[in-house]
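Residue numbers 1 to 316, in the UniProt record's numbering, belong to the letters of the sequence shown in order. In this text, a Cβ means the ideal position worked out from N, Cα and C, and glycines have one as well. To keep things clear, I will list the structure first and then write my remarks on it.
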Amino acid sequence: MDALTALLTGPRAHGAFLLRSVFDPPWSLRIEDRAPLTVLTTVRGSGWVVPDGAEPVPLRPGDLVIVRGPEPYTVADLPQTPPQVVVHPGQVSTTVDGERMCEELDQGVRTWGTGPDAATVLISGTYQLHGEVSGRLLRALPPVLRLDAAEWGSPLVALLEAEIGRDEPGQDAVLDRLLDLLLISALRCWFARADDRAPAWYRAHADPLVGRALSLLHGDPARAWTVHDLAAECGASRAALARRFTDLVGEPPMAYLTDWRLARAADLLAEPDTTLTAVARRVGYGSGFALSAAFKRVRGVSPQQFRERAGAAANA
């Protein structure tokens with residue numbers, strides 16, 4: 001398992017919020033929904049994503065923008081257009097004065113705005129991610145990531161556009177999977193850029209030695225790894241692997257493994273029916289007590305406290 005595949009096991013849409021927005025200029029939407037991750041793409045027309053305190057980002061036909069939350073931002077036809085609609089948590093829409101207007105903007109199945117023939121058509125997909133593995137992904141992203149149409153050119157946008165307005169059995173599952181594919185396609189394109197913006201662990205994957213070590217750690221975190229065993233599997237000396245791994249990834253192999261194990265544990269703890277003992281076995285700890293001690297030492301809270309907080313956040 002490569003590092004990117006392991007990281008992308010976190011974002012798995014389940015009842016994700018998908019919407020087609022149709023507006024005629026001038027239009028401006030203030031997004032305050034606190035979603036951890038939002039995908040935006042333009043089907044027709046153009047617009048701008050305007051983060052608070054940062055430069056506006058253009059959104060042209062076929063472009064895709066990933067916005068890392070939960071900070072608010074604005075999407076508008078022009079950066080200077082004042083907000084007309086505010087989107088709150090739970091996808092509740094109001095005027096800037098707080099008057100509800102969800103029904104007023106309803107244009108049919110998963111569509112809202114000023115009219116079906118509007119000059120601008122946007123598709124947005126919102127994830128609600130609460131696991132720590134997803135947190136690792138979010139920390140690897142800039143606040144706003146933009147891919148222009150020529151750079152990544154995916155047929156998935158047209159497919160999502162065709163499916164988003166359908167109301168058939170199983171349609172939510174179809175849209176969830178399409179959103180996952182769209183996100184993974186965009187992230188793979190962005191991570192593969194030949195520049196310094198990709199995270200260190202991704203760049204390290206291209207190294208024959210460290211890339212092999214990362215694949216082994218991600219593929220079998222439950223194994224009782226030592227640096228000696230890992231080096232032997234990679235065909236290198238212990239000292240050579242430890243030195244090169246630390247240089248390229250930014251931390252020693254066992255520190256990286258601990259972080260990955262606890263991240264996986266946090267993600268598994270979000271599953272309500274999974275016991276602490278079962279989670280411990282899956283991530284390489286001999287008992288629930290051992291996992292609990294390591295989790296509290298590194299994360300600052302017990303697994304039970306983390307599970308309660310994750311559940312409260314998911315239901316907020």
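- Counting the other CB atoms within 10 Å of its CB gives A240 a total below 16, which places it among the exposed residues.
- For S292, the enclosing alpha helix (DSSP H) starts and ends at G288 to R299.
- Scanning its chain for C-beta atoms nearer than 6 Å, with the 5 sequence neighbours on each side dropped, one finds no residue around G108.
- Contact check between the region 87 to 107 and the region 43 to 53: fewer than three CB pairs, one atom from each, fall below 8 Å, which does not count as touching.
- The continuous stretches of alpha helix (DSSP H) do not include T274, and DSSP gives it neither H nor E.
- Here R146 really is in contact with V65; their C-beta atoms are around 5 Å apart, less than 8 Å.
- Taking the Cβ atoms as the reference, A162 lies roughly 16 Å from P61, outside the contact range of under 8 Å.
- Beta-bridge analysis with DSSP links G113 to V22.
- In this structure, the CA atom of A192 is about 15 Å from the CA atom of L137.
- Shortest Cα-Cα distance from P155 to any of V43, V22 and L105 involves V43.
- Going by C-alpha positions, A224 is about 14 Å away from Y256.
- With respect to the C-alpha of Q128, the residue from F23, D97 and D176 having the closest C-alpha is D176.
- In summary, S28 is buried, with 16 or more beta-carbon neighbours lying within 10 Å of its beta-carbon over all protein chains present.
- In this structure, A222 places its C-beta atom within 9 Å of the C-beta atom of G284.
- A280 and L291 do touch by the CB rule: their CB atoms are close to 4 Å apart, below 8 Å.
- In terms of Cβ geometry, L214 and R110 do not form a close pair [threshold 9 Å].
- Taken through DSSP and simplified to helix, strand or coil, P51 comes out as strand.
- With distances taken between CA atoms, R139 lies nearest to A198 out of A198, V22, L179 and V39.
- Between V121 and R30, the gap from beta carbon to beta carbon reaches 9 Å or more.
- Of the candidates L209, G53, C234 and L187, L187 places its Cα closest to the Cα of L37.
- Taking the Cα positions, P79 is about 25 Å away from F17.
- Under the three-state reduction of DSSP, A35 is assigned to coil, being neither helix nor strand.
- Spatial neighbours of V298 in its own chain (CB-CB distance under 8 Å, excluding positions within 5 residues in sequence) are listed in chain order as T258, D259 and L262.
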